[in-house]
Amino acid sequence: MNKQKSFKGTKETGTLYLVPTPIGNLEDMTFRAVKTLKSVDLIASEDTRNTQKLLNHFDIQVTQKSLHEYNYKERVPQLVEQLLLGESIAQVSDAGMPSISDPGHELVLACIEKKIPVVSLPGPTAGMTALIASGLLPQPFLFYGFLPRKKKEQTSSLADLKQQDCTLIFYESPYRVAATLKNMQEVFGGQRNAVICRELTKIHEEYLRGTIDELIMYLEEAELKGECCLLVSGNDGSESKDSVPEGSLKEQVEQKIQKGLSSKAAIKEVAVENGIKKQEVYRLYHGLEE
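So for the sequence shown, UniProt numbering puts the first residue at 1; every next one is plus one.
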């Protein structure tokens, strides 16, 4: 049990502030975020060069230290030590909310363990910004973030998500979004509604709305630039896990075993290819009751 009162009581340590930064448009910086960055003793930045441009724009003259995926193991203890001495620190990522795709989470956990107050400021986040303008159901939703890059691992992750009935939110590189959509087509089918949100809050902001099939066709002739947020509608019930006949699944497993795969490997491959959980294929193949 850990109870934190963020703004009341005697402060024996400094405070860690999680400060969101604009995802493109500098005017999205809040008054509170600027005030906080000006008031702290140190700013822990994912990329100090990138953050310095933001600091210069708002005339913020506070020292920075880098905190990124390559140095967080040694940097987090250093930052915690400074907080324990009474210094306050703001942690920022290159864009949006800290901790989503940078090492801020490790710093948060270390602060909680040492009973150092952690205060999160609200602000820009690409997933929610894209969701409410996407036209897809805004709730419930599932924020997934970045999918695995390798096809086999990605399709396996998508198979685990196939039965979700909520809107799915992913972050994706413009160079990989076409391949990711093809993997979604393989697992989800091509008729789900999907939206690509590109260059959010910037002058070239763009929403591409259509089915998975339609977006794949569009990307065969178009090139995307800028970071993308990819949203996909949930399973509306038309993609029942029983849509593939049990006999067919068993035959698929047997065919793969005949080609030299172990039953375990064959079951996993059939699950991925049909977009269902491997436990379901295992049950059907071995004739087990639910």
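The beta carbon of each residue, even a glycine, is placed where N, CA and C say it ideally should be.
Excluding sequence positions up to five before and after proline 148, its CB lies within less than 7 Å of the CB of Gln154 and Ser157, all in the same chain and listed in chain order. C-alpha of leucine 85 to C-alpha of lysine 151: approximately 47 Å in a straight line. The criterion of a C-beta distance shorter than 9 Å is satisfied by glutamine 164 and leucine 142. Annotation: the continuous beta strand (DSSP E) that includes tyrosine 17 extends over 16-18. Taking a cut-off of 8 Å for Cβ pairs, the stretch 179-191 and the stretch 115-135 do not touch, as fewer than three such pairs fall below it. In this structure, Tyr285 is the residue among Cys229, Asn235, Lys277 and Tyr285 with its C-alpha nearest to the C-alpha of lysine 256.
Restricting attention to Tyr171, Thr13, Gly234 and Ala265, the CA atom closest to the CA of glutamine 139 is found in Gly234. Scanning Thr51, Val119 and Asn71 for the CA closest to the CA of lysine 5 turns up Val119. Restricting attention to alpha helix (DSSP H) runs no shorter than 4 residues, the stretch 52-131 encloses them at 72-84 and 104-113, ordered along the chain.
When secondary structure is reduced to three states using DSSP, serine 156 falls in the helix class. Leucine 18 places its beta carbon less than 9 Å from that of glutamine 91.
At least 9 Å separates the beta-carbon of tyrosine 171 from that of cysteine 111.
Within the same chain, and ignoring the five residues on either side of lysine 182 in sequence, the residues whose Cβ sits closer than 7 Å to its Cβ are Ile216.
Given a length threshold of 3 residues, each whole run of the beta strand (DSSP E) inside the stretch 212-265 is given here in chain order: 228-232.
Each residue's CA atom was taken as its position, placing lysine 278 and glycine 190 some 22 Å apart.
Partner residues in the beta bridge of glutamate 206, as assigned by DSSP, are Arg198. Under the Cβ criterion (8 Å, minimum of three pairs), the stretch 249-264 does not count as touching the stretch 220-227. Going by DSSP, leucine 181 is part of the alpha helix (DSSP H) stretching over 177-188.
By the criterion of a C-beta distance shorter than 7 Å, arginine 209 is surrounded in its chain by Gly135 and Val195, once the five residues flanking it on both sides are discounted. DSSP, read as helix, strand or coil, puts asparagine 50 in helix. Taking 9 Å as the cut-off, the beta carbon of isoleucine 169 is found closer than this to the beta carbon of leucine 231. With 16 or more other CB atoms across the displayed protein chains lying within 10 angstroms of its CB, asparagine 193 is buried. Bridge partners of phenylalanine 141 according to DSSP: Thr167.
Residue range 42-45 is occupied by the beta strand (DSSP E) that includes serine 45.
Judged by DSSP in its simplified three-state form, glutamate 273 adopts helix. Apart from sequence neighbours up to five positions away, the residues of its chain that approach isoleucine 23 with a beta-carbon distance below 6 Å are Ala95, Gly96, Pro124, Ala126, Leu200 and Thr201, ordered along the chain. Taking a C-beta distance under 9 Å as the contact criterion, valine 62 and lysine 35 do not qualify as a contact pair. For glutamate 269, the number of other beta carbons within 10 angstroms of its own is at least 16, and it is reported as buried. Residue pairing by DSSP places threonine 21 opposite Gly96 in a beta bridge. Glycine 104 is classed as buried because its beta carbon has at least 16 other beta carbons within 10 Å across all chains shown.
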